[in-house]
Structures are given as structure tokens and as C-alpha cells.
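**Student:**
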Amino acid sequence: MSDTNTQGRTRLDQRPEWHALAEHREELGATHLRELFDTDPDRARRYTVQVGDLHLDYSKHLVTDETLRLLRDLAAATGVAELREAMFRGEKINVTEDRAVLHTALRAPLSTEITVDGVNVVPGVHHVLTRMGSFAHSVRTGKWVGSTGRRIKNVVNIGIGGSDLGPAMAYEVLRPYTDRELTFRFVSNVDGSDLHEALHGLDPAETLFIVASKTFTTIETITNATSAREWLLDGLGGDENAVRFHFVAVSTNAAEVSKFGIDTDNMFEFWDWVGGRYSYPSAIGLSLMIALGEEQFREMLAGFHLVDEHFRTAPPEANAPLLMGLLGVWYGQFFDAQAHAVLPYSHYLSRFTAYLQQLDMESNGKYVDREGRPVDWQTGPVVWGTPGTNGQHAYYQLLHQGTKFIPADFIGFANPVGELEPAFAAQHDLLMANFFAQTQALAFGKTSEEVRAEGVPEEQVPHRTFRGNHPTTTILAKELTPSVLGQLVALYEHKVFVQGAVWNIDSFDQWGVELGKVLAKRVEPALTEGAEVAGLDASSKALVATYRSLRGR
Ligand code: F6P
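Numbering (our numbering), first residue to last: 30 to 582.
Following this line, the structure appears as C-alpha cells:
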């Protein structure tokens, strides 16, 4: 990699649009959201966009019309729209792996034409969807039976990262829409306890394993799958023939699937132009499709597609992923925000932020640009958060009165999902009252004058004052449906895309996970056999020795 600008691209920090934003930030100084709302009563209406079913209010952000204009100028100057078009066209924008980035093709209608290396990939996508649909149908209806002729009652997905987080998250989110007669479990951790707990109480004769791995070489997944096969064979009397009734695979790598012993007739394919963290609308979502049925899975895909089209066609002023991405750029660089909280007010979204952690942090946790030069600007934030109102009684104290600057997204729904008991359903207004109260408190706080006016003793006034000025986005929808989940995920996917484009980083590789993998392979013999590991540092050597003695070796 060269230190020079190999593609003749101006570095971000040398762009006039970047300097204009820095100057504008100086001018904005300590402007408070209270002031912004006082001087612009129409702000809430003007700073709201509707994307499909998602009502997105970004008025509680530390921005003015001028800020938004400058941010859009930055997006234009850094070629966000051009890169977006290149992505949708199937160009190889994942430069370090020389791959197309086409998760959008996974949810494109059959009539769309998207070519990679001269081949239209859309018919292949639909072919696999149809195969998944009929397989899901046969499991759901009991047509697909285990080796002893018993009906499948349990589906265990074995995968990790993008081959686990997507289906596991979406299964939790859409649980009210799933077939409750079937049990679904998700195993990812190489810690054998994960597998142990996942298989607890399951009868091998009624259990189907889906081994989900893009590469089919990921050590955690292959190890878990091998142990699961052993568990199955132990439970079914050791007949190797049983494997084909109880194991199917999702992968891009037929050779490895077959080497593992899974019949490639029972393999559901996807392609190297689908990144792991963007893969759950592909065959990686097979477990989810079995849970939901084909129709509802396709509704989810339609939700994704709706936001894909919005991202492609909405003007910059009303383009939700663009706005969300640019706001993150603004805070990361000019407010030194290190973190971004995503706070869903739906218990079904309890794993949503964990899913976003991979999507965002594996995509944009990069310190060199697309040409390999170190960046001199902030890239992706630490993404975190759990469902409200639990977080309110845990870490919101820090959001309100801590010293960190943490922009947040609040996601809520006007209605609870499905048929709740009347008393349970009635709790929804209380949940949502908290939702609205929190963004209000974060934005506007409570001044010391207001605290004093309540008769609070003077020595307590500083403790009970809220400075406010914490920016939030509110995303509100009528109800959490399969389509709405697709819309939400696509919204965040494209937000991450926008930021990567502005920062000029490759959001689609993940070299940063490699070193740890290589070292783990090297260290393992030291743990098991006490082997000498070349180049092991003094601290790690001592720790390995302690580990071995604690293990009684
Ligand atoms: O964490 C690295 C990674 O390559 C992810 O990007 C991917 O989702 C995960 O490992 C699992 O990979 P695979 O699907 O090939 O098993």
C-alpha cells in the first residue's frame, strides 16, 4: 500500500467541505437544543422523514439548516451517491477483497437485473428462496422427518457472527409470528456450554441442525457442528446414515460442506458478494424462514427492498439513511462522540443492538482508508444499548448526567405486537410514556432555576440539574412486523454504508478479526500439550502456565 493518493482522491481532512463543517461547529459553540427549538417552532415537522412504515424524527439533533446543508455537501463531495450506485450495480466496491457488495440483490424483485462478472444474479437468488421455501414448508408440515421417521420439532442453527446474529436476532424480534410448535435454538460460542445448553432437553430424533457458515471453515462453527454430530450419533445409535436427515448446510463452499459429510443436495447456497454481516436475508435466514414460513419471510424481504429503493431514490434532504449516517459523521468528528446508543422500546428487539454491533463495528471499525493510508479522522463508533425501560434503571444515569457525549436512537411502536392479555397490552402506554419522556429529558434537561423553583435545597441543586443537549433520533412505527424489521435493518445497513463512503474506508472487509484467529490456533497446543509457542510474550506465557496448572496439567 502506498502513502500517496493512489486513486487521486482528496483526503477527507483536506476537503473544503470538511473545513467548512469544522468552522460551522465553532460557530455553533454551546448552542442548546432549547434554543434551537425556541427559534424554530416548525423544527419538529421539518426535521421528520417518513420511510415506508418508519416515522423518523431527527429534530432533537444539534443541527441547523446550515449544518445539514454542509453535511450534504460533504456527502456530495465524497461521492456517496456514486458509490451507492456502484454498489447497487454490482461493482466490486469491496476493494480489499475484490468483491461486489450485493446484499440488496437478496431482496430485489425477480424482474431486476443485476450482473456480477457478466451474470445476472437475481434469478439465482429467487431459485434459492424457492428451495428454502419448500424445505421450510416440509419441516413445518412434518413432511421432512428425522432418520427414525419422527417429525422434526427442534431446529438448531449453528453459526457465528453474521451466520448467527441475524437469524438469532430476527427470530427473537418476530417470535409472535413464528410457529410455536417448533423450538428454535442458536449456537455460536465455541464454549461447549453454549451447545450443552442449546441441546438441553432436545431429542436427537426430532432435531434438525442447520450449519450456517459462508466459508464453512470457521473454527467455532465447525467445532460445534462436529460435536453436535457426535451428540446426534450417540443419541441415534451411531448410524452415520442418520446425518443426512438431521443436518443441512448454508454456505458458499460446497466442497467443504461435502467434506464435513453433509449431502450437497441439502445445502442452501449463497454467494461471495454477500458479506457475512449482511447475509441474513439470504439462505443464512433458513432457520428464520422455517420459523416464519415463506410468506412472512418474503414480507420481511419486501421491507428491506422498500428501504433499498428509498435509499437509492429519495432526495438527499429526505433520505433517512443518508441523514442518519451524516449525523454520525458530524458527532464523531466534531463533538468527539465515541459511542452511539441504540435503545429499542420493544422487548422483542432485545438482540437488535447486538446485531447492529457487528453490522456497524465490523464494517466501520477501520483505521486505514480504501487506499491503505491511515485516517486522521474518527471512524465507526462503539455501538451499544439494550431495551428500555431496563436501561433506564441501569446506565441512563450516565446518559443524562455523565461526562460522555453519546447520541442515541430510540425505536418504539404505537401498538404492542399480537394478541396480548388485556392487562399486558395496557402496559404499552406506560412503556411509550417512558420512551417519549427520555428523549425529552435528554434534549432539554432541567435547569437549576427549574430545580430551585421546586423548592429543592440549594446544596442539592447541582445534583438534580440536567444540562440536557443530548441528541437523539426517534424512530416510531405502528407495529413491529416482518416488513418493519426488514425496513429497520436496511435503514441501518445503509447508514453504515454512508459513513464508510464519507470516511473512505472499506466497510465490507474484516481483516481485523484475522490476527486473533491465527494466534488462537498457535496457542491451543500450548494449552493442551504444553507445547512451546514461538514468539509468545512473557505475560501470555505466564498466563498459559497458570491456566495449565489450574486445569491440573
Ligand atoms: O467475524 C468474522 C467473520 O468472518 C464474520 O464476518 C462472519 O459473519 C463470521 O466470521 C462467520 O463466518 P462464516 O459465515 O464464514 O462462518
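Each residue gets a CB set at the ideal place from its N, CA and C atoms; glycine is no exception.
Whole angstroms is fine: what's the gap from glutamate 450's alpha carbon to histidine 457's?
**Tutor:** Those two C-alpha atoms are separated by around 12 Å.
**Student:** Along the alpha helix (DSSP H) that carries asparagine 463, what are the first and last residues, could you check?
**Tutor:** Start and end: 457 to 473.
**Student:** Return the residue from the list Val518, Gln421 and Ser242 that minimises the CA-CA distance to leucine 335.
**Tutor:** When only C-alpha atoms are compared, the closest one is Val518.
**Student:** Measure the C-alpha to C-alpha separation of glycine 582 and glutamate 285 and round it to an integer number of angstroms.
**Tutor:** The sequence shown places arginine at residue 582, not glycine. If you take the alpha carbons of arginine 582 and glutamate 285, they lie about 34 Å apart.
**Student:** Look up glycine 441 in the DSSP assignment and give the residues it is bridged to.
**Tutor:** Answer is Leu505, bridged to glycine 441.
**Student:** Quick check on DSSP: helix, strand or coil for aspartate 86?
**Tutor:** Residue state, collapsed to three classes: strand.
**Student:** Within 8 Å, do at least three Cβ pairs link the segment 190 to 199 to the segment 338 to 349?
**Tutor:** No: fewer than three Cβ pairs fall under 8 Å.
**Student:** So for leucine 372, helix, strand or coil by DSSP?
**Tutor:** Strand at leucine 372.
**Student:** Taking the alpha helix (DSSP H) that arginine 214 falls in, what are its first and last residues?
**Tutor:** Per DSSP, arginine 214 belongs to no alpha helix (DSSP H); it is in the beta strand (DSSP E), 212 to 216.
**Student:** In angstroms, rounded to a whole number, what distance separates the CA positions of alanine 320 and leucine 428?
**Tutor:** One C-alpha to the other measures close to 37 Å.
**Student:** Just how far apart, CA to CA, sit glutamate 328 and alanine 452?
**Tutor:** When rounded, the distance between both Cα atoms is 30 Å.
**Student:** Does the beta carbon of glycine 414 fall short of 6 Å from some heavy atom of the ligand NAD?
**Tutor:** What this structure holds is the ligand F6P, not the ligand NAD.
**Student:** Distance check for leucine 50 and serine 31, CA to CA, integer angstroms please.
**Tutor:** Reliability of the predicted coordinates at serine 31 is poor, the pLDDT of 36 falling under 50, and the value obtained from them is presented with this limitation in mind. The alpha-carbon atoms of serine 31 and leucine 50 are separated by roughly 29 Å.
**Student:** How many angstroms separate the CA atom of valine 272 from the CA atom of aspartate 294?
**Tutor:** Straight-line Cα distance between these residues: approximately 13 Å.
**Student:** So, do the segment 217 to 233 and the segment 398 to 410 have three or more beta carbon pairs nearer to each other than 8 Å?
**Tutor:** No, they do not touch.
**Student:** So which of Ser311, Glu269 and Gly409 has the shortest CA-CA distance to isoleucine 291?
**Tutor:** When each option's Cα is compared against that of isoleucine 291, the closest is Glu269.
**Student:** Can you tell me where the alpha helix (DSSP H) with valine 109 in it begins and where it stops?
**Tutor:** Residues 109 to 118.
**Student:** Hey, could you find the ends of the beta strand (DSSP E) glutamine 79 is sitting in?
**Tutor:** Looking at the DSSP string, the run of the beta strand (DSSP E) that includes glutamine 79 is 77 to 80.
**Student:** Do the segment 379 to 390 and the segment 196 to 211 make contact, defined as three or more Cβ pairs closer than 8 Å?
**Tutor:** Yes: at least three Cβ pairs fall under 8 Å.
**Student:** Work out the CA separation of proline 345 and valine 78 for me, nearest whole Å.
**Tutor:** Computed Cα separation, rounded: 11 Å.
**Student:** Report the residue ranges of all alpha helix (DSSP H) runs contained in full by the segment 181 to 215; include only those spanning at least 4 residues, in chain order.
**Tutor:** The qualifying runs are 194 to 202.
**Student:** Near glycine 314, which residues of its chain fall below 6 Å by C-beta distance, leaving aside the five closest residues on each side in sequence?
**Tutor:** Taken in chain order, the residues that qualify are Pro196.
**Student:** Where does the unbroken alpha helix (DSSP H) through leucine 544 begin, and where does it stop?
**Tutor:** Where leucine 544 is concerned, the enclosing alpha helix (DSSP H) stretches over 543 to 558.
**Student:** As a quick exercise: from Val279, Pro138 and Ala134, pick the residue whose alpha carbon is nearest that of valine 145.
**Tutor:** Cα-wise, what sits closest to valine 145 is Ala134.
**Student:** Does the Cβ of asparagine 34 have 16 or more other Cβ atoms within 10 Å, making it buried, or fewer, making it exposed?
**Tutor:** Bear in mind that the predicted position of asparagine 34 carries a pLDDT of just 43, short of 50, making it unreliable; the figure below should be weighed with that in mind. Asparagine 34 is exposed by the Cβ-count criterion.
**Student:** Beta-carbon separation of alanine 555 and valine 573 under 7 Å?
**Tutor:** Cβ distance < 7 Å, so alanine 555 and valine 573 count as in contact.
**Student:** Is it the case that the segment 346 to 353 contacts the segment 159 to 166, given that we only count it when at least three CB pairs across the two stretches are under 8 Å?
**Tutor:** Contact between the segment 159 to 166 and the segment 346 to 353 is absent, because fewer than three Cβ pairs lie under 8 Å.
**Student:** Measure the alpha-carbon distance for aspartate 538 versus arginine 481 and round it to whole angstroms.
**Tutor:** Rounded to the nearest angstrom, the two C-alpha atoms are 54 Å apart.
**Student:** Measuring only from the beta carbon, is serine 256 closer than 6 Å to any heavy atom that is part of the ligand F6P?
**Tutor:** Checking every heavy atom of the ligand F6P against the Cβ of serine 256, none is found closer than 6 Å.
**Student:** For a quick check, are the C-beta atoms of glutamate 259 and isoleucine 181 less than 7 Å apart?
**Tutor:** Not closer than 7 Å, so no.
**Student:** What span of residues does the alpha helix (DSSP H) with leucine 356 cover, start to end?
**Tutor:** Its alpha helix (DSSP H) spans residues 349 to 363.
**Student:** Taking only runs that begin and end inside the segment 245 to 295, name each unbroken alpha helix (DSSP H) of 4 or more residues, in chain order.
**Tutor:** Counting only runs of 4 or more, we get 248 to 264, 272 to 275 and 283 to 289.
**Student:** State the Cα-Cα distance for the pair asparagine 444 and methionine 461, rounded to the nearest angstrom.
**Tutor:** Approximately 10 Å, taken between the alpha carbons.
**Student:** For the beta strand (DSSP E) containing threonine 236, list its first residue and its last residue.
**Tutor:** Taken as a continuous stretch (DSSP letters only), the beta strand (DSSP E) holding threonine 236 covers 236 to 241.
**Student:** With distances taken from CA atoms, which of Arg128, Gly119, Thr125 and Glu126 is nearest threonine 141?
**Tutor:** Of the listed residues, the one whose Cα sits closest to threonine 141 is Gly119.
**Student:** Between which two residues does the beta strand (DSSP E) holding valine 412 run?
**Tutor:** Unbroken beta strand (DSSP E) run through valine 412: 411 to 413.
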